[in-house]
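Trainee:
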Amino acid sequence: MTDLFIDLAANLSSHCNQPEMEAALFSDGEMNLGRALDRALRRKVLIVIDDMQRLFKTDTGEPIDEVAAVLSSIGSLRGHQGRLLLLSDRLLVQGRWSTEIPIKKLDELEPDEAVGLLDDRLSEAKIPEAVGDERKLELVHALGRNPRAIETLVATLVFESLDEVIGRHPGFWSVEDRNVSREFLHKLEKDLLERSISRLSPENYRRLLLLSVHRKNFEQAVFQVLCDGKRAESRQLAHALVAHFLLTHVRGWYSIQPIVREIGLAHLREHESDFRQAHARAAEYYVRPLTSRDASGFNSRLVNSFAEARYHLYHAGRNEELKQLLIQMMDVALAEMKSTSPVPDHPEVLNERIGILTILLENQAPVGLHYYMARCLRARRGTGDLHTAIRHARIATSGRRVPADSWVLLAQLLEQIDDKVGAIDTIYKALDSVPMQDKRFALYHYGAALLASNNRAPDALILLQEGILNIPVEKSLAPLYLKAADLYADQHRPDMAIGLLQEGTQRIPARHNLISLYRALVQILIKQERALEASDLLARAIANQIFEGPDLESVRDLQQSITSMTSLSGRPVPSVERSLPVAETTHSITTHQEVASTKRILVLATEWVPKQGGLSTFNRELCTSLAKLGHEVVCVIPEVLEGEAEAASAKNVQLIAASPVRGADSLSCLVRKLPLGDFIPDLVIGHGRITGNAAKVQHEDSYPNAKRVHFAHMAPGEIEWYKGKDNAAQTAEVRERVELDLCQGADLVAAVGPRLHLEFGNLLSALKVAPRLHQFIPGLHGIPLRDPAPGLLCLVLGRAEDLELKGLDIAAQAMAKLLESGTEFESQPELVVRGAPTGTGTRLRDTLRELVYPSDLSIRVKEYSADVDAIEQDLRRASVLLMPSRREGFGLVALEALQVGTPILVSNKSGFAEFLKTKISSANQLQQYVVRTVDDCEESADEWCKALEFVLRDRKAAFRRTADMKELLGDHTWETASAALLSAVFGTAGL
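Numbered per UniProt numbering, the sequence shown spans residues 1 to 991.
1. Which whole-angstrom value describes the C-beta separation of D405 and K439, a residue pair presumed to lie in contact below a C-beta threshold of 8 Å?
2. Please classify S575: is it buried, with 16 or more other beta-carbons within 10 angstroms of its beta-carbon, or exposed?
3. With a floor of 4 residues, list each alpha helix (DSSP H) that falls wholly inside the stretch 671–733, ordered by position along the chain.
4. Among H781, L742, K104, which one has its Cα closest to the Cα of residue 995?
5. Among C743, G630, R932, which has the Cα closest to the Cα of K599?
6. Please give me, in chain order, every unbroken run of the beta strand (DSSP E) with length at least 3 that falls completely inside the stretch 801–836.
7. So what does A750 bridge to, in DSSP terms?
8. Report the start-end ranges of each alpha helix (DSSP H) in the stretch 441–513 that is 4 residues or longer and not cut off at the edges.
9. I'd like to confirm the pairing. Which residues does DSSP put opposite T248 in its beta bridges?
10. From what residue to what residue does the beta strand (DSSP E) around M373 run?
11. Going by DSSP, what residue range makes up the beta strand (DSSP E) through R860?
12. Can you tell me whether E888 is buried or exposed? The criterion is at least 16 other CB atoms within 10 Å of its CB, across all chains shown.
13. Can you find the residues in the same chain that come closer than 6 Å, C-beta to C-beta, to S666, ignoring five residues on each side of it along the sequence?
14. My understanding is that I562 touches A534, with C-beta atoms under 8 Å, so please give their C-beta distance in whole angstroms.
15. Following the continuous beta strand (DSSP E) through A657, name the residue where it begins and the one where it ends.
16. Going by beta carbon distance, what residues of the same chain come within less than 7 Å of M52, once the five residues before and after it are set aside?
17. Could you check which residue in L521, Q560, P509, L157 has the C-alpha nearest to that of N544?
18. Between the C-alpha atoms of K862 and V684, what's the straight-line distance to the nearest angstrom?
19. Would A979 and R772 be called neighbours here (beta carbons separated by less than 8 Å)?
20. On the CB-based measure, 16 or more other CB atoms within 10 Å of its CB, does P790 come out buried or exposed?
21. What residues in its chain sit with their C-beta under 8 Å from that of G82, if we drop five residues either side in the sequence?
22. Measuring straight from C-alpha to C-alpha, what distance separates P681 and V653?
23. Any beta-carbon of chain D closer than 8 Å to the one on A485?
24. Out of curiosity, what's the CA-to-CA distance linking V434 and G970?
25. Within 10 angstroms of the Cβ of T823, are there 16 or more other Cβ atoms? Answer buried if so, exposed if not.
26. When you compare only the Cα positions, how much space is there between A947 and K806?
27. On the DSSP letters alone, give me the boundaries of the beta strand (DSSP E) that R206 sits inside.
28. Could you compute how far the alpha carbon of residue 996 sits from the alpha carbon of A746?
29. How would you call A627, buried or exposed, if buried means at least 16 neighbouring beta carbons within 10 angstroms?
30. For V595, which residues in the same chain have their Cβ closer than 6 Å to its Cβ, ignoring the five residues on either side in sequence?
31. I need the straight-line Cα distance from G779 to A647, nearest angstrom please.
32. Here's the rule: buried if 16 or more other CB atoms are within 10 angstroms of the residue's CB, otherwise exposed. What is T873?
33. By DSSP, does M883 sit in helix, in strand, or in coil?
34. Could you tell me how far apart the beta carbons of F890 and S910 are, in whole angstroms, since I believe they sit closer than 8 Å?
35. Which value, in whole angstroms, describes the spacing of the CA atoms of H387 and M337?
36. Would you mind sorting residue 996 into buried or exposed? The rule is 16 or more other CB atoms within 10 Å of its CB.
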């Protein structure tokens, strides 16, 4: 059935030039022949299927069950404009399947028609005298006046006389009063074709056997494969086989005679080596278009070639080649059909995408392709498409860390088939599994809409309130407030709507679509005849300079509208909404960033998911925040791992792999010409000596008109002394020169935090013309209040191979002193170190145990992990994060801890501590977070022991103090930091 299905699609495209008909047939993810024929027959078309007996049971003459179901379905449908003609060379047993299908038996040709056909074929073969007139009537009668038998005989007479043919089997040709049976004609035809085969040269006979494995029509190229590329020889082979009536040739396509195929396969099955060789040659023909596919993408020819190549490779026993083919096609699919790729608008292209995915997804495939398949099927909306899309969407939501978009798609599909209960259950299941950093607001928003449409408005409001409590303000929180306010208004509870919107205006900053809440609040106040309150609200916003730019103009327009609608008595006039500006009556999510100047930004990095420490985390947050500001961000890294491009795309960042350099180190590819297409950056960003050189090369060689920013993440003149190297002085000086060289020519040097700002200010003073220096403060995503975990785990997170630099010895000694002090705690404190290089965890633990001997301090060492969840889980389990570094450029891990509500203790020799000093003026308050740290381990351990005791003695108070830091740090987001960076680069406010 699958063969018949693909034949229908391919032949309509290749033979009949009817791609729209092919699209109609080849348009179901499950290759459902019944549905495909139903769609096709709705058009004015005649579909003819020959040799239908192949799909009928040989012993009973009844159709196989699947065919019977298809025919019964087609026969019972009404309204078809097209017609379906099935041809069989045997009588069929009628049954329920044929109730609505008329069956006609074609009688043999009339005697004069049969003789006329014989004359015509003899003339075409240029042997008009091969049969005397007096014998023609007798001869066609012996052949049962069967057209194909007459044509087979003529093909034989080209090489033999009639008497020679009759002489071999005279019993065949005796004219008796009998019906010419199907078995007789088959035997006669087989005999004639075997004679034709016997006249082939040994080489052509061998090639004919190889051709017999082809299930589909094929082109001239098949003969070239058999003749090792010799064109003249391949043309002679094709001509010989057609002349002997062993092949048919129609408009450039060849097909082997069924009986010839039967003869050939019988031989091949008895000779396994020949059987495998035949399939290997056939596979070679079908693999060629796959390996030389141009950039135009998938098409029906490619789908058919892939299906046949897979079939022939399997029977040839070429399992490794079959595996490589599947991998290659999967790679092509992943390159062209990412989960976030747009769904094609053109029906033919859409059907081609679905066709190739149908084959690929039979085996294990990334869930992103199942998600994309579901999107394609939903867009097409053919018969059965939604149910098939649901099946793929369920697979797409079956893995770990499934993005919110996949769950929303599954819920939308279930809603489209009127399974609202299933859609609602899907949303709740998603909320239990989607991490907080993902787009959970979409789950809350869509889930509330589902509940409300199912007459469950109270549940919808509960869900929205949960979202309002849990979603950070920068994660599209405003739409949740708007949706909840709409639901309250629909329930005739305007005061609740007003109160909720007022709360939102206090929580959400202007840059996160605050203007939409003001619009909604003003409108509902006016409807409740509280226009004066609305006017006061807008006046305060203007006076407090909450808004700027276009948002400020919107506020003024709203205020003017209120003034114009207020009568002398102070009551608003009717038709308030119609009097407001059109743009103000919608809940659009147009931010200030979207109307600002959009920049194209190229960022060079080592990886997307961090496997090598804080620099990668910093880069990912930077790219994401720049994209949130409405800029076009491309991040180029040496290798894009599975799922990373989709994850970056979900944050509106395009992740691209640089072209590798064979034999060179992994970062060399970043200095080659980058595969950016027509993307011309306005800004190039590099990080320290890691990717700063690549950024400088790209700026100078490829994008001289762009600006360049060099990020400074560490001070080599400080940190090299603590790495235990004999050549520390030499290394420090070399690396300072490298940083200074990278800074030269930059439009801006961005030093991360005040400590590096001071360090690089000194470094750049050596230059006659120094670039501008900017202090970049990384941002936060909120600081939640939570309860501490049961155990007393003190966590050190970072590159543990630099034991002295990171102060691991200080942390261990401080913890040992704490145990020796006799202080009573809820349980015994433990030291957890996350960040040992692979394979060094046990050795590091032994080293730390030796440092604190004979203390029985429990020390757990974990190797560094690229799993963001694993690190976050460590932070949530911890009672406190320790950063006892002897020198630390900034200390991004402190921000990571605060974002999950974990208390921190940081070295006063860190950039983060210097930053806190600018926010906290009280020395007593500052020492709750910042610990004096010196080079001497014993002295520092004493200071850290006291700080640890203060935190662990009352952990709940420590967690409350941590949550209170949001009052100090709430305005320091990644978006504000990135906006300030761009303003410094381009000298334009408001970017």
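Every residue, glycine too, gets a C-beta built ideally from N, C-alpha and C.
As the structure is a prediction and not an experimental result, all values here were calculated from the model.
Mentor: According to the structure shown:
1. 7 Å
2. Bear in mind that a pLDDT of 35 at S575, under 50, signals an unreliable position, so the number given afterwards is only what the model happens to contain. S575 comes out exposed.
3. 688–701, 716–719
4. Nothing can be reported for residue 995, as the shown portion of the chain is limited to 1 through 991.
5. G630
6. 830–836
7. F711, H774
8. 457–470, 478–490, 494–507
9. S255
10. From DSSP, M373 is part of no beta strand (DSSP E) but of the alpha helix (DSSP H) over 367–380.
11. 858–863
12. buried
13. P638
14. 6 Å
15. 653–657
16. L86, L87, S88
17. P509
18. 36 Å
19. no
20. exposed
21. A40, L41, R42, R43, K44, V45, L46, I47
22. 14 Å
23. Although the question refers to chain D, the structure presented lacks it and comprises just one protein chain.
24. 25 Å
25. exposed
26. 18 Å
27. It is not in any beta strand (DSSP E) - R206 instead sits in the alpha helix (DSSP H) that spans 202–211.
28. Summary: the structure shown does not reach residue 996, with the chain confined to residues 1 through 991, and so no result is reported for it.
29. buried
30. For V595, the predicted structure reports a pLDDT of 31, less than 50, and the residue's modelled location is therefore unreliable. The matter cannot be settled from this model.
31. 20 Å
32. The sequence shown places Gln at residue 873, not Thr. It is exposed - the Cβ of Q873 has fewer than 16 other Cβ atoms within 10 Å.
33. strand
34. 7 Å
35. 21 Å
36. Nothing in the structure corresponds to residue 996, since the chain is present only between 1 and 991.
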